[in-house]
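Each remark here refers to the structure printed beneath this line.
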Amino acid sequence: MAVMTYRDALRSAMAEEMERDESVVLLGEDIGIYGGTHLVTNGLIDQFGPKRVIDTPIAEGGFTGAAIGMAMAGMRPIVEMMTWNFSFLAADQIIQNAAKLRYFSGGQVNVPLVIRGPNGGGVQLSAQHTHSLEGFYGHFPGLKVVSPATPEDVKGMMLHAIRDPDPVIFLEAGALYGIKGEVPEGDFEVEFGKARVAREGSDVTLIAYGRQVPMLLKVADQLEEQDISAEVIDLRSIRPFDKETIVESVRKTHRAVVVQEQWRYFSVASEVCAVLQHEAFDDLDAPVERVSGAEVPAPYARNLEIAAFPSVEQVISAARRVLYLEK
Amino acid sequence: MAVMTYRDALRSAMAEEMERDESVVLLGEDIGIYGGTHLVTNGLIDQFGPKRVIDTPIAEGGFTGAAIGMAMAGMRPIVEMMTWNFSFLAADQIIQNAAKLRYFSGGQVNVPLVIRGPNGGGVQLSAQHTHSLEGFYGHFPGLKVVSPATPEDVKGMMLHAIRDPDPVIFLEAGALYGIKGEVPEGDFEVEFGKARVAREGSDVTLIAYGRQVPMLLKVADQLEEQDISAEVIDLRSIRPFDKETIVESVRKTHRAVVVQEQWRYFSVASEVCAVLQHEAFDDLDAPVERVSGAEVPAPYARNLEIAAFPSVEQVISAARRVLYLEK
Amino acid sequence: MRTAREDGKRQTSAAEPKNTSAGHVREGQAQVQFDAEALVGFYQQMVEIRLFEDAASKAFRQGKIGGYLHVYSGQEAVAMGFINYLQEGDLTITAYRDHAHAILQGADPKAVMAELYGKGTGIVKGKGGSMHLFHAEGGMMGGYGIVGGHIPLGVGMAYAKRYRGEDGIVQLYYGDGSMHNGAFHEAANLAGLWGKSEMCPCLFILENNQYGMGTSVERATAMTDLGKKYESYGIEWERVDGMDLEAVLEVAERATKRVRETGKPYGIEAYSYRLVPHGAADFLEKYRTKEEVRKWREKDPITTLAARLLDMGVEESRLEEIRAAAKEKADEAAKFADESPEPDLSELLTDVYAEGVPVEAAG
Amino acid sequence: MRTAREDGKRQTSAAEPKNTSAGHVREGQAQVQFDAEALVGFYQQMVEIRLFEDAASKAFRQGKIGGYLHVYSGQEAVAMGFINYLQEGDLTITAYRDHAHAILQGADPKAVMAELYGKGTGIVKGKGGSMHLFHAEGGMMGGYGIVGGHIPLGVGMAYAKRYRGEDGIVQLYYGDGSMHNGAFHEAANLAGLWGKSEMCPCLFILENNQYGMGTSVERATAMTDLGKKYESYGIEWERVDGMDLEAVLEVAERATKRVRETGKPYGIEAYSYRLVPHGAADFLEKYRTKEEVRKWREKDPITTLAARLLDMGVEESRLEEIRAAAKEKADEAAKFADESPEPDLSELLTDVYAEGVPVEAAG
Ligand SMILES: Cc1ncc(C[n+]2csc(CCOP(=O)(O)OP(=O)(O)O)c2C)c(N)n1
Ligand SMILES: Cc1ncc(C[n+]2csc(CCOP(=O)(O)OP(=O)(O)O)c2C)c(N)n1
Ligand SMILES: [Mg+2]
Ligand SMILES: [Mg+2]
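Residue numbers (this note's numbering), protein chains in the order written: chain A, 348 to 674; chain B, 348 to 674; chain C, 31 to 393; chain D, 31 to 393.
Written out as structure tokens, the structure is:
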């Protein structure tokens, strides 16, 4: 095991796989000479040259589409969305082409493509630069959508994503680039479709993904002080969606809180509630509580931004509500 | 009351408001000289001229953006998406500009804009031309999203939408353009944010929107033959989302089935489940059942397409499941 | 071998005098000539396509084909001419008006027709329909339904060809209506850029049939000299009369070779006309006059080629035979499609993912 | 009145000899001259913007400003020149590098700085931050964060101006990096088209500072003569040295008038240079050399204007006073921002809708 940051784990997954597999290339804005806005690709152009680390113009739809074409023709491109906020410009390519090509070609072509970049808010980038798009992309069959929250997962899931024959939407938690954690040495994969029990507990299940996972661990610590044992589940894989792990946990705890910075309606948290009420109807001792972002475009001012996202206090209070310790 | 088709009701709403309010214009592909692919705008260019019925190039992002600019500068444009499938190309404009402008301008500008067009499947248009985007757009604060299912609603909601100071995503049920129904004479509005009880019943609540509403009425008829009294609720307004009407109904029936042709995950049906399990936890005698489209891009072949969407049989069976009449 | 021409734009118009003597490529000359036998072969393929489209249109009217149906009638010389110069390993990609491209690249017309009918024997198993024909084995990388959406894909494929050290190229077909879409702009700009390092052997073939649905070029852009738009991207280009097979062949041979040799994109504007409605649901054609259509019908690439062949001494009876055989082939395709079974319902849930995800049915 | 020039492209370069005598618009001539007093006024405004940006950059380094911060230093002559010719009812729209545009259109620098600090006294109540300044009252219709995303809006606003029978125009600012985005292509094409019926008085002002973040024009497109891209849309255009205020003023006066009179779009390429990093987080600037920056610093529009004023006989002490006053103004703005209260928390939930929708808090 080595300790490294989320950012370095991500970079090492790409660099190692590029060493192993020449069909892997990177495309994106300022990922080469500039070094990557978030330094995720820093240095790779020196190592692999400009034919494999391709700086593109500001044309998310165009270069995502080109990467789809590359994937169809035998390459394994990794597209960097400088931030996922810009991916609305590539939504047509992602949803209409990448996700559906295998199907409407009757299986004649595959699209082994990874689209990655930071996602989520928290650093005052305001309305146009703050989105958490797990549910948005997760809605579409044909895509695989993941949201790793630890250095180990981001490396293992990236290695899996690059080797996956299908298009993968790789939603990194931008706010976590700097966090450190243990990462296994050598080549390893973290498979898709399996949620992770980040902490075991018995009284209540707390569910999240991305940057809300470390927050839930903090919440669990605080709940422990109140003699409440919280199980924390990191969904990590959004599509395929792992029902089993959350249902199993709720069978044990009988209570759940799901937390996301995403907007409440038609979201990942909605799905968690829908699944739990269906699969664990008789096990639930209280309605599943959702804690979501405020129903507003993200504001800039620091105090407003903080108020726009779920807080530790809100989650604690939701946990206490499902335990009928408060209203 | 006059009997007219959904299509004619829609056209009359636009034509009448254009007569009343000169700031209303239409933009879209082939809406003028061609008459509109679905003939919704047929004849309007003769009545209002090419400065008010603006045929555009095939540039959904560009003309949607231009319409946003028009709206900011005092006009009330109505954009036709020839079909909503093409709106992914305008997703950035809709989500990043229309939805958020009022907020990030600190209230300095409004975007009184309607974007309308047909949505949903059922006529073998296959993968790229079959989407039901209620949940997709409904996720974003700043937008109002509606999905009328009757001639009366489509007229009343369109009149409301045009006069609304905020951007409205107006998702028409393409498959329903030809259906007929009674429409009040004269000027009337159907307000947003209120679901409609399309049929009263006492044993089970069936919930849908768009073209699944007439289907549920058929289901209700068949259930009646089995002595099951079904209440049918047409959500009509997706954002704002009317929790009250569905919760009230379930307080009465204690059971619910929600039906959509949309994909299951992170969808309108997920939200309905999430709301009901939370607001009617103690009232529910069975888990809410979802009936959704198959988790595949829409296929072309008739038999596959039929199999890809919810059927009357599936809904009946779901209704019987929540009544514990079958497994 | 004649080297690729680097001198940019060149106009080949129907009015230009043609050398009618038999022969093939002539070194150092722009003109390529085909002898009567070769032209008869092209005639046959074009007639086969036309009659295929006629059969498909009839089936649509009979309700045997659902969804949309966009036929290529009037534009055959364009795909015929360019596809003639494809080599093993080359790829093509186009929009939804794709029947001709698939068939010319070796797709079995029976499988294509069966696709239109939505049958299990269809070329993409009945899953895609008319707009989404694929014949990947033959290099036909698909028909696409979102106007402009396939253009970036073609550019990326061209990069892949060079990146993988193959000498294949991409022929990228697209319509005049799609040129005003952002996807074209972004993709053409990438192509120009990648061409600087010889990483983009992509031949852009603008099928300018003068309308995008009901919108004429004049009503879609203020700058109607569409080919000139390539210049914004540093892409050299030329225009060709797409109603004239020989003119197309001449340009196609040279352009295809040039792209292959240089690794740079090159632009074509093939000027032609859709002699039929936009799609099977375009009943009124209010956007153009009968007179205009009639005038263009005189330039029908198939009848003009027939006249040329007669001039060259080919017997009318031979052409008649070709037409009869083509009719039979089209009818056979329709019969095959009609008699084929629907896809197995299990097919609904396959081909969504290549790996690892269980797919849920409706319900 | 001099009529608008219809003759298209015209090059105004820094090398071109300038008539230095005092005076204003001269009928029938391309050259506009300003007397020293007028130029001193412009100097003052440009210095104020520069020092505002310096104060903002300092505050960013101190952690008082969050998010992104993109300053305009080096490019002041462009906005100064064009905004000078705005009339009541005209609108502008730009990207995220928007402080200068807002201030030049009358936004209070205090409110702008407070916005950068995320305070309740900010020009958009602290909700938008640096990238989203609006001063709708003064016609400033916003700064936007998605590259290219605001361009279609500007075109639509121009349509609205004509549609409503107003004689206002739109000045639409955008960067070189955004030109390769589909949004530019689609919007410029619409503008050209609507211009045919005189429904698009939109002045496209390309702020070509030669880089989009770390990507030089050469690495973003094969066709680096950016202004020529206007021709694809039937939009006439000219290039101007955006480091030279007088050159900009001359072009701006004429171009603004022309757009107003014709109802047609017109294109400008204003060539300039970002003398500072792309944004406050661009530490390394690996994409350009120190030498290049140094060379361009010599053309700094403010120092060259100062030199010109000295030449014209303006006293150095007067310029010094202007700089001192501007510094004070910037410091005051920073002080105001610093001392202003955060937005009231209730503001989180306002301004989402104009009507009818209750907005839910987090939790
Ligand atoms: C993005 C998008 N917008 C609209 C449509 C509807 N549509 C289908 S074909 C067509 C016209 C396209 O014209 P052109 O590119 O010239 O091709 P042609 O049909 O003439 O071959 C339109 C508008 C679409 N399929 N995709
Ligand atoms: C669609 C989109 N992609 C990427 C970005 C990130 N980004 C912000 S500014 C910028 C460069 C834009 O360059 P240019 O248009 O030349 O403007 P300049 O910064 O030089 O004023 C980029 C890539 C963005 N904001 N929007
Ligand atoms: Mg066309
Ligand atoms: Mg720039």
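We put the CB at the ideal spot given by N, CA and C, even for glycine.
List, in chain order, every chain C residue whose beta-carbon is nearer than 7 Å to that of A213 of chain D. As a working note, residue 213 of chain D is residue 183 in the fourth sequence. The contacting residues are G212.
My assumption, with CB atoms under 8 Å, is that F234 of chain C sits in contact with G178 of chain C. Please give the rounded CB distance. Within the third sequence, numbered from 1, the residue matching residue 234 of chain C stands at position 204. Within the third sequence, numbered from 1, the residue matching residue 178 of chain C stands at position 148. Going by Cβ atoms, the distance from F234 of chain C to G178 of chain C rounds to 12 Å, so no, they are not a contact pair.
Identify whether A520 of chain B lies in helix, strand or coil by the three-state DSSP scheme. Stepping through the second sequence from its first residue, residue 520 of chain B is reached at position 173. Reduced to three states, the DSSP call for A520 of chain B is strand.
Here's the rule I'm using: 16 or more other beta-carbon atoms within 10 Å means buried, otherwise exposed. How should K565 of chain B be labelled? Position 218 of the second sequence, counted from the start, is the residue given in the question as residue 565 of chain B. The residue in question, K565 of chain B, is exposed, as its Cβ has fewer than 16 Cβ neighbours within 10 Å.
Looking at the secondary structure, which residues open and close the alpha helix (DSSP H) in which N650 of chain B lies? Locating residue 650 of chain B in the second sequence gives position 303, counting from the first residue. For N650 of chain B, the enclosing alpha helix (DSSP H) starts and ends at 649-655.
Within 7 Å: the Cβ of Y193 of chain D and any heavy atom of ligand 5? Ligand 5 is absent from the structure shown, which contains only ligand 1, ligand 2, ligand 3 and ligand 4.
What number of angstroms, rounded off, separates the C-alpha of E321 of chain D from the C-alpha of S246 of chain D? The count along the fourth sequence starts at 1 and reaches residue 321 of chain D at position 291. The count along the fourth sequence starts at 1 and reaches residue 246 of chain D at position 216. Whole-angstrom Cα-Cα distance: 16 Å.
Determine the chain C residues that contact A252 of chain D at a beta-carbon separation under 8 Å, and present them in chain order. Taking the fourth sequence and counting its residues from 1, one reaches residue 252 of chain D at position 222. Ordered by position in chain C, the residues that pass the 8 Å Cβ test against A252 of chain D are N219, G222, L223, G225, K226, Y263, G264, I265.
C-alpha distance - V5 of chain C paired with G521 of chain A, whole-angstrom precision: Chain C is shown only over 31 to 393; residue 5 of chain C falls outside these bounds and no answer can be derived.
Taking Cβ-Cβ distances shorter than 9 Å, what residues in chain A pair up with G409 of chain B? As a working note, residue 409 of chain B is residue 62 in the second sequence. The CB of G409 of chain B never comes closer than 9 Å to any CB in chain A; the least such distance is about 12 Å.
Three-way DSSP call (helix, strand, coil) for K398 of chain A in this model: As a position in the first sequence, residue 398 of chain A is number 51, starting the count at 1. In the three-state DSSP reduction, K398 of chain A falls in the coil class, being neither helix nor strand.
Check D271 of chain C in the structure and name its three-state DSSP category. Taking the third sequence and counting its residues from 1, the one referred to as residue 271 of chain C is at position 241. Here D271 of chain C sits in strand by DSSP.
Cβ neighbour criterion (16 or more within 10 Å) applied to A285 of chain D: The residue given as residue 285 of chain D occupies position 255 in the fourth sequence. With 16 or more Cβ atoms within 10 Å of its Cβ, A285 of chain D is classed as buried.
Should G416 of chain A and L339 of chain C be called a contact, given that it needs their Cβ atoms to be closer than 8 Å? The residue you call residue 416 of chain A lines up with position 69 of the first sequence. The residue you call residue 339 of chain C lines up with position 309 of the third sequence. Between G416 of chain A and L339 of chain C, the C-beta spacing is not below 8 Å.
Would you identify the three-state DSSP class for R667 of chain B, choosing helix, strand or coil? Your numbering for residue 667 of chain B matches position 320 in the second sequence. If DSSP states are grouped into helix, strand and coil, R667 of chain B belongs with the helices.
Simplified DSSP state of L236 of chain C, which is helix, strand or coil: Translated into positions along the third sequence, residue 236 of chain C becomes position 206. L236 of chain C falls in the strand class under three-state DSSP.
To the nearest angstrom, report how far apart G257 of chain C and M348 of chain A are at their CA atoms. Indexing the third sequence from 1 puts residue 257 of chain C at position 227. Indexing the first sequence from 1 puts residue 348 of chain A at position 1. In a straight line, the C-alpha of G257 of chain C is about 59 Å away from that of M348 of chain A.
Closest by C-alpha distance to V638 of chain B, when choosing among C:G393, C:A364, C:I199: Here residue 638 of chain B refers to the residue found at position 291 when the second sequence is read from its first residue. When each option's Cα is compared against that of V638 of chain B, the closest is C:G393.
Are there three or more Cβ pairs, one per stretch, closer than 8 Å when the stretch 433-451 of chain A is compared with the stretch 217-232 of chain C? Taking 8 Å as the limit for Cβ pairs, the verdict is that the stretch 217-232 of chain C does not touch the stretch 433-451 of chain A.
Let me make sure I understand the geometry here. Which of A:E660, A:Y647, A:L672 has the alpha-carbon closest to that of G469 of chain A? Counted from its first residue, the first sequence places residue 469 of chain A at position 122. Residue A:Y647 is the option with its Cα nearest to G469 of chain A.
Any beta-carbon of chain D closer than 8 Å to the one on E350 of chain C? The residue labelled residue 350 of chain C in the question sits at position 320 within the third sequence. No, because no Cβ of chain D sits closer than 8 Å to the Cβ of E350 of chain C.
Taking three-plus beta-carbon pairs below 8 Å as touching, is the stretch 543-556 of chain A in contact with the stretch 588-604 of chain A? Cβ pair count under 8 Å is three or more, so yes.
Which residue wins for smallest C-alpha separation from R354 of chain C, given the options C:I79, C:E67, C:A66? Position 324 of the third sequence, counting from 1, holds the residue named residue 354 of chain C. Reading off the sequence, residue 354 of chain C comes out as Ala, not Arg. When each option's Cα is compared against that of A354 of chain C, the closest is C:I79.
Endpoints, the alpha helix (DSSP H) within which W224 of chain C is located: Start at 1 with the first residue of the third sequence, and residue 224 of chain C comes out as number 194. Start and end: 212-226.
Where do the N-terminal and C-terminal ends of the beta strand (DSSP E) with L339 of chain D fall, by residue? Taking the fourth sequence and counting its residues from 1, one reaches residue 339 of chain D at position 309. Not the beta strand (DSSP E): L339 of chain D falls in the alpha helix (DSSP H), residues 331-341.
If distances are taken between C-alpha atoms only, which option among B:E636, B:A641, B:R586 comes closest to E642 of chain A? Residue mapping note: residue 642 of chain A aligns to position 295 of the first sequence, counting from 1. Taking only the C-alpha atoms, the option nearest E642 of chain A is B:R586.
Between which two residues does the alpha helix (DSSP H) carrying L582 of chain A extend? Taking the first sequence and counting its residues from 1, one reaches residue 582 of chain A at position 235. Note, L582 of chain A: premise wrong, no alpha helix (DSSP H); not H, not E.
Residues of the stretch 365-399 of chain B in Cβ contact with chain C at a cutoff of 8 Å, in chain order, please. Taken in chain order, the members of the stretch 365-399 of chain B whose beta-carbon sits within less than 8 Å of a beta-carbon on chain C are E376, D377, I380, Y381, G382, T384.
Sequence-distant residues of its chain with Cβ nearer than 7 Å to A337 of chain C (five each side left out): Translated into positions along the third sequence, residue 337 of chain C becomes position 307. There are no such residues.
Where A45 of chain C falls: helix, strand or coil (DSSP): Here residue 45 of chain C refers to the residue found at position 15 when the third sequence is read from its first residue. Interpretation of A45 of chain C is limited by its pLDDT of 33, a score under 50 that renders its predicted location unreliable; no figure is taken from the coordinates.
Candidates B:D402, B:A627, B:Q607, B:V635: which alpha carbon is nearest C620 of chain B's? Residue numbering aside, residue 620 of chain B sits at position 273 when the second sequence is read from its first letter. The option with the nearest alpha carbon to C620 of chain B is B:V635.
What span of residues does the beta strand (DSSP E) with P424 of chain B cover, start to end? Mapped onto the second sequence, residue 424 of chain B falls at position 77. Looking at the DSSP string, the run of the beta strand (DSSP E) that includes P424 of chain B is 423-427.
With 8 Å as the threshold, decide whether the Cβ of Q661 of chain B is near any Cβ in chain C. The sequence position of residue 661 of chain B within the second sequence is 314, counting from 1. Cβ-Cβ to chain C under 8 Å: yes for Q661 of chain B.
Given A594 of chain A, which residues of its chain have a CB within under 6 Å of its CB, disregarding the five upstream and five downstream residues? Working through the first sequence from its first residue, we reach residue 594 of chain A at position 247. In the sequence as presented, Ala is not what sits at residue 594 of chain A; that position holds Val. The residues are E626, A627.
Rounded to whole angstroms, what's the CA-CA distance from F112 of chain D to F588 of chain B? Just pull it up for me. Against the fourth sequence, residue 112 of chain D aligns to sequence position 82. Against the second sequence, residue 588 of chain B aligns to sequence position 241. Here the alpha carbons of F588 of chain B and F112 of chain D stand approximately 46 Å from one another.
Just the chain C side, please: which residues come within less than 9 Å of Y216 of chain D by C-beta, in chain order? In the fourth sequence, counting from the first residue as 1, residue 216 of chain D sits at position 186. According to the sequence displayed, residue 216 of chain D carries Glu and not Tyr. Under the 9 Å cutoff, chain C gives H210, N211, G212, H215.
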